[in-house]
Amino acid sequence: MNFALARENMVKSQILPNRVIEPELLEVFSTASREDFIDKKHKEIAYSDYPVSMGSRRCLTPLPIARMIQSMTAGPGKKILVVGAGTGYEALLLAKLGATVHALEMDESLATKGRNLTAKTGIHWKTSPLADGWSDAAPFDGIMVCGAIPAVPEPLLAQLSLGGTLTAIIGNEGEVIMNMVRIDGPGAIGRPKVIFQTVADVLPGFPRPNRFEL
């Protein structure tokens with residue numbers, strides 16, 4: 004299969020028509036080998052708009068990833084936390100944009116594969132409960148939650164730097180429409196800003212606090 008052509012088609016048909024316009028972001032999507040980060044038996048559909056398995060979970064589809072990254076403060080000199088990093092595809096995209104990336108994953112098998120795949124990128128990995136974030140490395144200019152969660156827990160918000168942004172998909176198991184939100188922090192006031200509607204698998208280990216539920 005011609006994966007380079009598949010990447011090009013993904014950018015042209017899925018990402019570019021849906022208000023993702025930053026040239027640097029489009030470039031990293033065109034060069035990052037997504038097929039390496041999913042199960043081998045699904046490689047031929049790596050660039051489809053269907054959530055394919057990467058092991059114990061399914062990965063986000065390309066468009067939500069692109070919209071989340073575009074809404075963040077990402078790039079050279081920025082420190083980003085990827086929560087639910089899986090095998091590291093989103094972390095790789097952010098590293099290619101020049102950010103210093105911390106990848107947090109609770110599944111040891113996924114994290115091990117991610118470490119191996121991104122060994123030469125400078126990405127920092129930690130295996131730990133997702134809802135706790137990575138306080139030892141905080142504050143972060145951006146936090147990207149790679150999956151759906153019922154609400155944004157306080158520990159993650161507290162790890163944002165002044166002027167930092169958090170992006171997440173808010174939803175519960177079984178919902179067919181979820182809101183992708185952006186929260187500015189720390190001390191954000193009011194409701195999160197809805198930037199996109201999508202659907203994603205729910206990440207494990209997140210409680211349902213009252214704050215920021217939509």
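Just so we're aligned: the sequence shown equals residues 4 to 217 in this note's numbering. All C-beta atoms, glycine included, are put in the ideal place defined by N, C-alpha and C.
For alanine 151, the uninterrupted beta strand (DSSP E) segment begins and ends at 143 to 152. For phenylalanine 209, the three-state secondary structure derived from DSSP is coil. In this structure, the straight-line span from the alpha carbon of asparagine 119 to that of glutamate 93 is close to 15 Å.
In this model, glutamate 27 and arginine 10 are separated by some 15 Å (Cα to Cα).
Partner residues in the beta bridge of arginine 61, as assigned by DSSP, are Ser56. With the rule of 3 Cβ pairs closer than 8 Å, the region 135 to 153 counts as touching the region 70 to 89.
Within the same chain, Cβ atoms closer than 6 Å to the Cβ of glycine 136 are found at Pro158, Leu159, Gln162, the five residues on either side in sequence being excluded. For valine 85, the enclosing beta strand (DSSP E) covers residues 82 to 86.
CA-CA distance, methionine 71 to leucine 100, rounds to 14 Å. Only residues of its own chain outside the window of five on either side were considered, and among them Leu133, Ala134, Ile152, Pro153, Ala154, Pro156 have a CB closer than 8 Å to the CB of phenylalanine 209, listed in chain order.
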